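Here the structure comes first, spelled out in structure tokens, and everything after it is commentary.
Spelled out as structure tokens, the structure:
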């Protein structure tokens, strides 16, 4: 009961958004209220962790070398222990903090409320209420799968089968990452099969798709495609990965209208976390990197005008070329190109997954020999066009860009991994975690660690985060077993799908 009161209180105090407060309450079934509240809370919490720029929580734009720091450079040189970044990232999803449970805890509690609810067989609306509940449980599970994939792709082996059991087990064992992946695929298959698009789910409490169940099915298939591609890259369980990719490819996003995004408002408190962190907070902590700026400028990429600000001027007020900061050094904010105001706007949307990412994954599937429709070249071009469109650029911009020999799939430099990897890096701007995932899986772009990188990195770009300090101290037996199983709890230890 305390949990119910807590989440209703948080929702009332922190949200003026009608999407979050209009819960379509059925007074005869009060358990629907906390389930809907918890579902909204989880959606918002996941987005917060994916989108925010806090160096205490989300340093993936830095490890992916799209951004670097101006004054305090610890995170850019992979000193991640001082701020307990691993603990904070883990807690955001899995085990909670001292003030709020993680998003997975929200989802598990919502699931528990729904499963305990009794729908009498004699109820004249038994069939429709049962269908609605199945839809709700499917949506909860899809977000659960999405969250677990992020955790696996961050750490490797993690608690899964024994996780979130409450008083049943506070010291869960760690499951093998590949086994978790296989189970997540099965779960998504069940979720997709259980969704009935002619019924509702959470109504306006669904702040991603506003209860559009057709889009939820596409989202589930797109997440399954991601799982399938990583599993395929591991060269393990090929039959499972191929089947997942092929089946998912038939139901994934097909345009930017399908993108999984969360909307923010122009006024606090329901604003874009970048606005809160950088504008409202008055912070000047980041600039784009020289590596990223030079790569886009070198390819005459029209996205430079929406990614970067044209803040550098000469004495006559004439715009100077873009100038990115150097990773591993302090970068005076006024002397380098700034991040464009666009992504710092209070109502700029946060992205869970988008069409451009899906098309890059399909291009990769084609190159990896999976029998999907469409060539790698077609999907690669579609991905670039989708990214341009999503950033507000024109079809002409995309076509001119793709016409360059350095960009066109047939003539761009390097292997297919380099072509897809570099273009995915450009397109995953402001989506540091997914950009890092593409780079780890494809080994492109070929980023260089700073000379003053922390010793923990052992001279390499990190391939994972080390396990949380809390796990090392409170769950030591299972932590030690997991660390040994993955080859050592080190930044350079590669995940099961990260092959050279």
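Residue numbers (the numbering used here): 95 to 594. Where a beta carbon is used, it is the ideal one built from N, C-alpha and C, also for glycine. Source: prediction; values computed, not measured.
Note down the Cα distance separating residue 572 from residue 162, rounded to an integer number of angstroms.
The residue you call residue 572 lines up with position 478 of the chain shown. The residue you call residue 162 lines up with position 68 of the chain shown. Cα-Cα distance, rounded: 35 Å.
Give the C-beta separation of residue 246 and residue 275 to the nearest angstrom, bearing in mind that I take them to be a contact with Cβ-Cβ under 8 Å.
Position 152 of the chain shown, counted from the first residue, corresponds to residue 246. Position 181 of the chain shown, counted from the first residue, corresponds to residue 275. The Cβ separation is near 7 Å, so the contact holds.
Hey, out of 510, 549, 503 and 547, whose CA is closest to residue 533's CA?
Translated into positions along the chain shown, residue 533 becomes position 439. Answer by Cα proximity: 510.
Just the Cα atoms here: how many angstroms apart are residue 582 and residue 576?
Within the chain shown, residue 582 is the residue found at index 488, counting from 1. Within the chain shown, residue 576 is the residue found at index 482, counting from 1. Between residue 582 and residue 576, the C-alpha separation is close to 8 Å.
Please state whether DSSP places residue 589 in a helix, a strand or coil.
Numbered from 1 along the chain shown, position 495 holds the residue referred to as residue 589. Looking at residue 589 - three-state DSSP - the assignment turns out to be coil, as it is neither helix nor strand.
Return yes when the Cβ of residue 311 is within less than 8 Å of the Cβ of residue 278, no when it is not.
Position 184 of the chain shown, counting from 1, holds the residue named residue 278. Position 217 of the chain shown, counting from 1, holds the residue named residue 311. Going by C-beta atoms, residue 278 is not nearer than 8 Å to residue 311.
Could you check if residue 499 is buried or exposed, using at least 16 other CB atoms within 10 Å of its CB as the buried criterion?
Within the chain shown, residue 499 is the residue found at index 405, counting from 1. Flag for residue 499 reads exposed.
Taking residue 355 as part of the alpha helix (DSSP H), name the residues at either end of that continuous run.
For the purposes of this step, residue 355 is taken as the residue at position 261 of the chain shown. Not the alpha helix (DSSP H): residue 355 falls in the beta strand (DSSP E), residues 354 to 356.
Just confirm the distance between the C-beta atoms of residue 170 and residue 188, as a whole number of angstroms; I'd bet it's less than 8 Å.
As a working mapping, residue 170 is identified with position 76 in the chain shown. As a working mapping, residue 188 is identified with position 94 in the chain shown. So it is not a contact: roughly 26 Å between Cβ atoms.
Using a 10 Å radius around the Cβ and a threshold of 16 neighbouring Cβ atoms, would you call residue 494 buried or exposed?
Taking the first residue of the chain shown as 1, we reach residue 494 at position 400. The residue is exposed, with fewer than 16 neighbouring Cβ atoms inside 10 Å.
Who are the Cβ neighbours of residue 584 in its own chain at under 6 Å, not counting the five residues just before and after it?
To locate residue 584, count along the chain shown from 1; it is residue 490. Nothing meets the Cβ criterion.
With a threshold of 8 Å, are at least 3 pairs of Cβ atoms found where one atom belongs to the segment 354 to 367 and the other to the segment 318 to 329?
Verdict: no, contact absent.
Nearest CA to the CA of residue 249: which residue from 594, 422 and 587?
Taking the chain shown and counting its residues from 1, one reaches residue 249 at position 155. It is 587.
Please list the terminal residues of the continuous alpha helix (DSSP H) segment that includes residue 472.
Position 378 of the chain shown, counted from the first residue, corresponds to residue 472. Residues 470 to 484.
Can at least three beta-carbon pairs, one atom from the segment 432 to 441 and one from the segment 459 to 479, be found at a separation below 8 Å?
Contact between the segment 432 to 441 and the segment 459 to 479 is absent, because fewer than three Cβ pairs lie under 8 Å.
Nearest CA to the CA of residue 367: which residue from 128, 151 and 432?
On the chain shown, residue 367 is found 273 positions in, with the first residue counted as 1. Checked all of 128, 151 and 432; the closest Cα to residue 367 is 151.
Helix, strand or coil for residue 362? Go by DSSP, reduced to three states.
Position 268 of the chain shown, counted from the first residue, corresponds to residue 362. DSSP places residue 362 in coil when its eight states are reduced to three.
Under 8 Å, with one C-beta from each stretch per pair, do the segment 330 to 344 and the segment 419 to 428 reach the 3-pair mark?
Touching, no, given that fewer than three Cβ pairs across the two stretches are closer than 8 Å.
Measure the alpha-carbon distance for residue 349 versus residue 480 and round it to whole angstroms.
The residue you call residue 349 lines up with position 255 of the chain shown. The residue you call residue 480 lines up with position 386 of the chain shown. Those two C-alpha atoms are separated by around 7 Å.
Keeping to the same chain, check which residues put their C-beta closer than 7 Å to that of residue 234; ignore five residues upstream and five downstream.
Translated into the one-based positions of the chain shown, residue 234 becomes position 140. The residues are 133, 201, 204 and 205.
Closest Cβ-Cβ distance between residue 343 and chain C: below 8 Å?
Within the model displayed, chain C is absent; a lone protein chain is all it includes.
Applying the criterion that 16 or more other CB atoms from any shown protein chain within 10 Å of the CB defines a buried residue, is residue 147 buried or exposed?
In the chain shown, counting from the first residue as 1, residue 147 sits at position 53. Residue 147 should be labelled buried.
At the level of alpha carbons, what is the spacing between residue 558 and residue 139?
Here residue 558 corresponds to residue number 464 of the chain shown, with the count starting at 1. Here residue 139 corresponds to residue number 45 of the chain shown, with the count starting at 1. Each residue's Cα considered, the two are about 22 Å apart.
Given residue 398, which residues of its chain have a CB within under 7 Å of its CB, disregarding the five upstream and five downstream residues?
The residue given as residue 398 occupies position 304 in the chain shown. Cβ within range, chain order: 390, 391 and 416.
Relative to the C-alpha of residue 383, which candidate in 361, 364, 137 and 159 has its C-alpha closest?
Looking up residue 383 in the chain shown gives position 289. The candidate whose alpha carbon is nearest that of residue 383 is 159.
Just list the beta strand (DSSP E) runs in the segment 394 to 479, keeping only unbroken ones of 3 residues or longer that don't cross its boundaries, in chain order.
Counting whole runs of 3 or more residues, the segment 394 to 479 contains the beta strand (DSSP E) stretches 444 to 447.
Which of the three DSSP states, helix, strand or coil, is assigned to residue 179?
In the chain shown, counting from the first residue as 1, residue 179 sits at position 85. Helix.
Could you check how far apart the C-beta atoms of residue 302 and residue 322 are, in whole angstroms? I think they sit under 8 Å.
Numbered from its first residue, the chain shown carries residue 302 at position 208. Numbered from its first residue, the chain shown carries residue 322 at position 228. Contact doesn't hold; Cβ gap of about 22 Å is too wide.
With the cut-off set at 8 Å, would you say residue 496 and residue 515 are in Cβ contact?
If you number the chain shown from 1, residue 496 lands on position 402. If you number the chain shown from 1, residue 515 lands on position 421. No, the Cβ-Cβ distance between residue 496 and residue 515 is not below 8 Å.
Can you say whether residue 376 is buried or exposed, counting buried as having 16 or more other CB atoms within 10 angstroms of its CB?
Start at 1 with the first residue of the chain shown, and residue 376 comes out as number 282. Counting Cβ neighbours within 10 Å, residue 376 comes out exposed, since fewer than 16 surround it.
Do residue 346 and residue 325 have their CB atoms nearer than 8 Å?
Walking along the chain shown from the start, residue 346 turns up at place 252. Walking along the chain shown from the start, residue 325 turns up at place 231. Their beta carbons are not under 8 Å apart, which means residue 346 does not touch residue 325 by this criterion.
Using only the alpha-carbon positions, how far apart do residue 444 and residue 144 sit?
Residue 444 sits at position 350 when you count from the first residue of the chain shown. Residue 144 sits at position 50 when you count from the first residue of the chain shown. Their backbone Cα atoms lie some 8 Å apart in a straight line.
Starting from residue 329, follow the beta strand (DSSP E) in both directions and report where the run begins and ends.
Against the chain shown, residue 329 aligns to sequence position 235. Note, residue 329: premise wrong, no beta strand (DSSP E); not H, not E.
Can you give the beta carbon distance from residue 519 to residue 400, rounded, assuming they're within the 8 Å contact cut?
Mapped onto the chain shown, residue 519 falls at position 425. Mapped onto the chain shown, residue 400 falls at position 306. Not quite, the Cβ-Cβ distance comes to about 16 Å (not below 8 Å), so this is no contact.
Here's the rule: buried if 16 or more other CB atoms are within 10 angstroms of the residue's CB, otherwise exposed. What is residue 565?
The residue you call residue 565 lines up with position 471 of the chain shown. Flag for residue 565 reads buried.
May I have the straight-line CA-CA distance separating residue 258 from residue 198, to the nearest angstrom?
The sequence position of residue 258 within the chain shown is 164, counting from 1. The sequence position of residue 198 within the chain shown is 104, counting from 1. In a straight line, the C-alpha of residue 258 is about 8 Å away from that of residue 198.
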